[in-house]
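Trainee: Numbering-wise (our numbering), the sequence shown opens with residue 14 and increments by one.
All C-beta atoms, glycine included, are put in the ideal place defined by N, C-alpha and C.
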Amino acid sequence: MPGRLRLRTVDLIQVKKSPALTPGRAGREDSWIIKRRQLHDLLEHSASAVYWLIQGTGALLVVPAKFLAAIEGATARPSSQQFTASYAAVRHTAIPMEQYLPDLIVGLWLGSSSERTLQAAQGTGRTTRPRFALTIDLFLASQEG
14 MPGRLRLRTV
24 DLIQVKKSPA
34 LTPGRAGRED
44 SWIIKRRQLH
54 DLLEHSASAV
64 YWLIQGTGAL
74 LVVPAKFLAA
84 IEGATARPSS
94 QQFTASYAAV
104 RHTAIPMEQY
114 LPDLIVGLWL
124 GSSSERTLQA
134 AQGTGRTTRP
144 RFALTIDLFL
154 ASQEG
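What follows is the structure, encoded as structure tokens:
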């Protein structure tokens, strides 16, 4: 329905780099330090929030934040402010970017259009400060013949 449908949706993403990217640490198994408060802030605003985990090779894995919360529950000490997610722990849940983006943009399976989440993505929330925002406009041409 060209010209009639309008939707504004966002998803919250946290990017983490593996220490294996650090010079001199190549060859080590990938792992990522996850800050607990940051994780819970993301999930408070969007149930479909994800982490983009950058591996030592530069490859990108997309992991649901709620799965990392499950890892936190199984591994983190109650007093700690952060925990480590290993490649072994996330490898079966992680998907590549080329699988994630169509679900987010075209399929609308992910993300939120709630005003609260939109405000968080714009940096008007109490703790979320976005580094960048990606705006994608989709235009559908009429297929009538």
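For the structure I just gave you, are there three or more beta carbon pairs, one from the segment 32 to 49 and one from the segment 90 to 101, closer than 8 angstroms?
Mentor: Touching, yes, given that three or more Cβ pairs across the two stretches are closer than 8 angstroms.
Trainee: Tell me the DSSP bridge mates of residue 96?
Mentor: Residue 96 is bridged to 47.
Trainee: On the criterion of 16 or more Cβ atoms from any shown chain inside 10 Å, does residue 70 qualify as buried, or is it exposed?
Mentor: With fewer than 16 other Cβ atoms within 10 Å, it is exposed.
Trainee: What is the DSSP secondary structure of residue 91, reduced to helix, strand or coil?
Mentor: Residue 91: coil per DSSP, three-state reduction.
Trainee: Can you give the Cα-Cα distance for residue 105 and residue 64, rounded to whole angstroms?
Mentor: Rounded to whole angstroms, residue 105 to residue 64 spans 15 angstroms at the Cα level.
Trainee: Measure from the alpha carbon of residue 35 to the alpha carbon of each residue in 68, 94, 130 and 62, then state which is nearest.
Mentor: The shortest C-alpha separation from residue 35 is found at 68.
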